[in-house]
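Participant: According to the UniProt record's numbering, the sequence shown is numbered sequentially starting from 1.
Ideal Cβ positions, reconstructed from N, Cα and C, are used throughout, including at glycine.
If you're wondering where the values come from, they're calculated on a predicted model, not measured in any experiment.
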Amino acid sequence: AVYMAFSGNGTTWSSWITYATSYSSFNITTGAGCTTGEGAKTVYVKFKNVAGTTFGECNDSIIYDTTGPKLLTAVYSDAKSKGSGTVNTGDTITFTFDAEMDTSTITSSNLSTRLVLSSGKCCCG
1 AVYMAFSGNG TTWSSWITYA TSYSSFNITT GAGCTTGEGA KTVYVKFKNV
51 AGTTFGECND SIIYDTTGPK LLTAVYSDAK SKGSGTVNTG DTITFTFDAE
101 MDTSTITSSN LSTRLVLSSG KCCCG
């Protein structure tokens, strides 16, 4: 069997666990050698065989960011409403955020909109 261990600083390590091609239970803010807070983080992994020989230590860096982007503008193109100031079915609304967005991660399941009429009544949500 082969085992693996993880670290947030390359010095303090987690307990050895059985090797897996994928592992998602290491917490980069509370795991062995990790620090709380946002910012640049490095995750280290090393491996051990049944004889106890460690090998293959490697690492990768990420930016840990839990602050969601802020919506700066929502502008609609009113192809159907012809400048009336009304958003209609079929119009396109373009959102601008304060950070670059990875469009491959934005889907209808994780982006929601709420349009409010000038009278304050919700028209859709």
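Mind checking which residues open and close the beta strand (DSSP E) that includes residue 63?
Facilitator: That run of the beta strand (DSSP E) goes 54 to 64.
Participant: Taking the straight line between their C-alpha atoms, what separation do you get for residue 176 and residue 51?
Facilitator: Shown here, the chain extends from 1 to 125; a query on residue 176 therefore has no answer.
Participant: Check this for me: beta carbons of residue 38 and residue 65, under 8 Å apart or not?
Facilitator: yes
Participant: Go to residue 11, then tell me how far its beta strand (DSSP E) extends in each direction, as first and last residue.
Facilitator: No beta strand (DSSP E) contains residue 11, which DSSP labels as neither H nor E.
Participant: Tell me, which residues are paired with residue 17 by DSSP?
Facilitator: In the DSSP output, where bridge partners are listed per residue, residue 17 has 4.
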